[in-house]
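Student: Can you read through this structure? Questions will come right after.
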Amino acid sequence: MSDFTQRIGKVEESILKASETAEEVEQSTADIPYEELLKALMPSEKVYTTISSEHHEKLKEIIKELEVFAYMGNIVPKSLTDDHWYRILNTTDSVTDRVSFWEYVAVKQRREEKDKMRKNVKYEEFLAKYEEEKAKFERGEMGYGPDLYQLVHNPMRNKKKIHLTQGARVLSALRCGEVPKVILDLQYMFNEKPRVQSELGNQLQCVGFYGGRYTHQTVLPDFTSKGVKEVFPGENVVYISKHARDTIDGPLNAGAIALCVSMDTAREALGAARRGRMRAVRLPIKKYIKWQKGPMYLPFPNILRIFREVHLNGGDWETALLNNISK
1 MSDFTQRIGK VEESILKASE TAEEVEQSTA DIPYEELLKA LMPSEKVYTT
51 ISSEHHEKLK EIIKELEVFA YMGNIVPKSL TDDHWYRILN TTDSVTDRVS
101 FWEYVAVKQR REEKDKMRKN VKYEEFLAKY EEEKAKFERG EMGYGPDLYQ
151 LVHNPMRNKK KIHLTQGARV LSALRCGEVP KVILDLQYMF NEKPRVQSEL
201 GNQLQCVGFY GGRYTHQTVL PDFTSKGVKE VFPGENVVYI SKHARDTIDG
251 PLNAGAIALC VSMDTAREAL GAARRGRMRA VRLPIKKYIK WQKGPMYLPF
301 PNILRIFREV HLNGGDWETA LLNNISK
């Protein structure tokens with residue numbers, strides 16, 4: 001036995017173990033006469049005329065190898081395209097590489113044939129079901145299908161409609177610039193205990209939830225090491241602090257709203273507002289909510305929802321607070 005045939009046997013043995021469709025490929029090419037199969041595997045005239053002169057000698061050797069492989073191999077492709085031949089000439093350096101590539105092409109061709117057969121079977125099943133429903137329809141019964149009765153879905157839940165709506169909202173927000181910008185000040189976050197840092201991190205993840213189907217229509221946050229007033233020098237910035245004297249109320253007319261990412265137990269938010277020379281305000285919780293017990297603390301996702309609702313309803317803080325504070 002020659003060295004080439006031994007290599008074919010070793011490569012085929014490894015692929016037979018790895019491929020579930022190897023036996024099917026062998027059966028699919030066994031019915032094709034050798035001369036006809038060899039003709040389908042040969043390179044076209046275009047390959048001969050477009051390759052370089054140094055590749056001509058290599059092509060002759062590969063054709064000899066392919067003749068032996070087509071006769072002795074078990075996993076043989078039904079045909080090779082010009083693209084396959086260019087890849088063989090440019091990317092394979094050994095017999096093992098070429099045999100692996102030919103068997104890969106054979107398995108891929110068989111899978112494509114099986115996929116096509118499945119589609120044909122599904123189409124035949126559809127036609128049979130359609131004829132059955134059509135017979136019901138003609139008898140005056142409820143037969144469903146094209147040109148028959150059809151279920152009416154909610155047009156507002158159409159996927160295309162949702163994409164258009166979401167995209168229009170993002171574009172409107174970008175063009176109009178009416179929504180106040182929200183700044184999350186992280187300068188005190190890493191002074192907290194590890195457990196508190198973990199909780200704050202989870203809240204920030206919920207503020208910017210990026211696991212949905214419409215994440216490509218989300219305005220991503222900008223990260224910067226600059227201060228709030230450096231980023232928004234000409235904006236009317238308010239800093240939210242539960243220890244502030246002034247209360248924010250009415251329509252949201254601020255250009256930007258800053259939130260201190262901490263538990264604010266040491267009045268960090270108030271200190272940051274004073275150092276940055278920004279107006280500190282507190283949410284109107286005491287004005288509209290009768291707080292029964294527990295610390296007067298709201299998670300950041302709830303605060304952002306309150307801002308969004310107040311912006312949309314024109315300044316109704318009472319409704320926004322009641323909708324976003326647990327009873």
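Residues in the sequence shown are numbered from 1 upward in steps of one, following UniProt numbering. Think of the CB as a built atom: it goes at the ideal place given N, C-alpha and C, for glycine as much as any other residue. None of these values were measured; they are calculated from a predicted model.
Quick one, which of V237, G271, S225 has its alpha-carbon nearest H243's?
Tutor: Nearest of V237, G271, S225 to H243, Cα basis: G271.
Student: What residue range is occupied by the uninterrupted beta strand (DSSP E) comprising R279?
Tutor: Here the beta strand (DSSP E) through R279 covers 279 to 282.
Student: Helix, strand or coil for I183, going by three-state DSSP, please let me know.
Tutor: Of the three classes helix, strand and coil, the one that applies to I183 here is strand, per DSSP.
Student: Have a look at E45 and D82 and give me their C-alpha separation to the nearest angstrom.
Tutor: Going by the C-alpha atoms only, they are around 9 Å apart.
Student: Given this structure, state the Cα-to-Cα distance separating Y130 from F300, to the nearest angstrom.
Tutor: Cα to Cα, Y130 sits roughly 54 Å from F300.
Student: Find out if the Cβ-Cβ distance for the pair S94, A40 is shorter than 8 Å.
Tutor: Against a cut-off of 8 Å, the Cβ pair of A40 and S94 comes out as no contact.
Student: Sorted by chain position, which residues of the same chain lie with C-beta nearer than 7 Å to E268's C-beta, five sequence neighbours on each side aside?
Tutor: Here the set comprises Y188, C260, S262.
Student: At a cut-off of 7 Å, would you count T224 as near the ligand GTP, judging by its Cβ distance to the nearest heavy atom?
Tutor: Although the ligand GTP was asked about, the structure shown includes no ligands whatsoever.
Student: Our contact map puts M142 next to K136 with C-beta atoms below 8 Å; I'd like the distance itself, whole angstroms only.
Tutor: M142 to K136, Cβ: 7 Å. Contact.
Student: With a floor of 4 residues, list each alpha helix (DSSP H) that falls wholly inside the stretch 296 to 324, ordered by position along the chain.
Tutor: Correct list: 300 to 313, 317 to 324.
Student: For the pair the stretch 271 to 284 and the stretch 158 to 166, tell me if three or more CB-CB distances fall below 8 Å.
Tutor: Short answer: they don't touch.
Student: Exposed or buried, which one is E132 when buried takes at least 16 other CB atoms within 10 Å?
Tutor: Per the 10 Å Cβ criterion, exposed.
Student: Look up T247 in the DSSP assignment and say whether it is helix, strand or coil.
Tutor: Of the three classes helix, strand and coil, the one that applies to T247 here is strand, per DSSP.
Student: Pull up the CB-CB distance for L283 and I248, whole angstroms please, since I reckon it's below 8 Å.
Tutor: The Cβ separation is near 6 Å, so the contact holds.
Student: Would you kindly check if the distance between the Cβ of E318 and the Cβ of residue 333 is under 8 Å?
Tutor: For residue 333 there is no data in the structure shown, the boundaries of the chain being 1 and 327.
Student: Based on the DSSP secondary-structure assignment, which residues constitute the bridge partners of V237?
Tutor: DSSP lists A256 as partners of V237.
Student: Would you kindly work out how many angstroms separate the C-alpha atoms of E112 and L38, rounded to a whole number?
Tutor: Each residue's alpha carbon lies about 21 Å from the other.
Student: With burial defined as no fewer than 16 other Cβ atoms inside 10 Å of the residue's Cβ, what is the status of A266: buried or exposed?
Tutor: Label assigned to A266: exposed.
Student: Give me, in chain order, the residues of the same chain whose beta-carbon lies closer than 7 Å to that of F190; leave out the 5 immediate sequence neighbours on both sides.
Tutor: The residues are Q197.
Student: Under a Cβ-count criterion, where at least 16 other Cβ atoms within 10 Å of its own Cβ denotes burial, should W102 be classed as buried or exposed?
Tutor: Under this definition W102 is a buried residue.
Student: Based on DSSP bridge pairs, tell me the residues matched to Y149.
Tutor: BP columns for Y149 point to Y144.
Student: Would you give the residue range spanned by the alpha helix (DSSP H) that I88 belongs to?
Tutor: First-last of the alpha helix (DSSP H) with I88: 82 to 91.
Student: Using CA atoms only, rank isn't needed, just tell me which of K60, F69, Y239 is closest to S100.
Tutor: Checking every option, the nearest Cα to that of S100 belongs to F69.
Student: Less than 8 Å between the beta carbons of A254 and P180, yes or no?
Tutor: A contact, by the Cβ cut-off of 8 Å.
Student: Closest to R275 by CA distance: which of Y239, D316, D97, K114 is it?
Tutor: Selected option, being the one with the closest Cα: Y239.
Student: If you check the beta carbons only, do L220 and H311 fall under 8 Å apart?
Tutor: Not a contact, by the Cβ cut-off of 8 Å.
Student: Is I88 closer than 8 Å to I62 when the C-beta atoms are compared?
Tutor: Cβ atoms of I62 and I88: closer than 8 Å.
Student: Would you call D185 buried or exposed, if buried means 16 or more other Cβ atoms sit within 10 Å of its Cβ?
Tutor: That one is buried.
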